[in-house]
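Visitor: Residue numbers (the working numbering): 133 to 348.
My structure is below; once you've seen it, I'll send some questions.
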């Protein structure tokens, strides 16, 4: 049985080029992607291979068997998905043609996701502002703030605020990044499939540790 290895993902799941580059680099070390999670990715330990990875965004999240067959005919095997992001791989020696050869055409695959992320960001920010207003009003109305602090009520509220702010930050970053990527494609510039991921993964680790440190 192949050994399963879990690794912390690079920061921000919507950074397509960074993830493609990360998957390729790990395959060269003998770690081959099998599954993506919210924080971690699963790999099987095997022989080092030169493998190309591409991420395809599908509106309905789940890609159909017929669509998978079309990709296979072009030399790309379906690996896994996370949300709207579907991952395909191909041995480098096969020299399979790119899934997308026209950046402008590829930009239209991001159109629905762009709208979705924008809506999520607006809802998240509005919800956070309302929650902050409610918590702040409780602090001002409460006549025993010191007692609440001692008993831990204020601390729990602070943790809630931090969680809400972090969530809003993430949704805003997602909306901003997808919009920038879409505009870049519209300019005729393709995705950098070898984008550096090391810095993003380090930042992801720091943010994750800090976030859970505040929670616990």
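Ideal placement from N, C-alpha and C gives every residue a C-beta, glycine not left out.
None of the values given here were measured: they were computed from a predicted structure.
Run through the DSSP bridge pairs and tell me what residue 327 is partnered with.
Guide: Per DSSP, residue 327 has no beta-bridge partner at all.
Visitor: Let me know if residue 249 comes out buried or exposed under the rule of 16 or more other beta-carbons within 10 Å of its beta-carbon.
Guide: Burial state of residue 249 is buried, judged by a 10 Å Cβ sphere holding 16 or more other Cβ atoms.
Visitor: DSSP three-state label for residue 315, please.
Guide: helix
Visitor: Thinking C-alpha only, which one of 227, 290, 224 is nearest residue 268?
Guide: 290
Visitor: What is the rounded straight-line gap between the Cα of residue 181 and the Cα of residue 161?
Guide: 7 Å
Visitor: Check whether the Cβ atoms of residue 203 and residue 214 sit closer than 8 Å, and answer yes or no.
Guide: no
Visitor: Which residues share a DSSP beta bridge with residue 164?
Guide: The bridge partners DSSP lists for residue 164 are 176.
Visitor: At 4 residues or longer, and completely inside the region 213 to 249: list those alpha helix (DSSP H) runs for me, N to C.
Guide: 235 to 239
Visitor: Considering only heavy atoms of the ligand GTP, does any lie closer than 7 Å to the CB of residue 247?
Guide: The ligand GTP is not among the ligands present in this structure, which contains no ligands whatsoever.
Visitor: So the alpha helix (DSSP H) residue 200 belongs to, where does it begin and stop?
Guide: 197 to 205
Visitor: Can you grab the Cα-Cα spacing for the pair residue 148 / residue 156, in whole Å?
Guide: 13 Å
Visitor: Under a three-way DSSP split, which group does residue 415 fall into?
Guide: Since the displayed the chain opens at 133 and closes at 348, residue 415 lies outside it and no answer follows.
Visitor: In terms of alpha-carbon separation, which member of 177, 170, 326, 171 lies closest to residue 136?
Guide: 177
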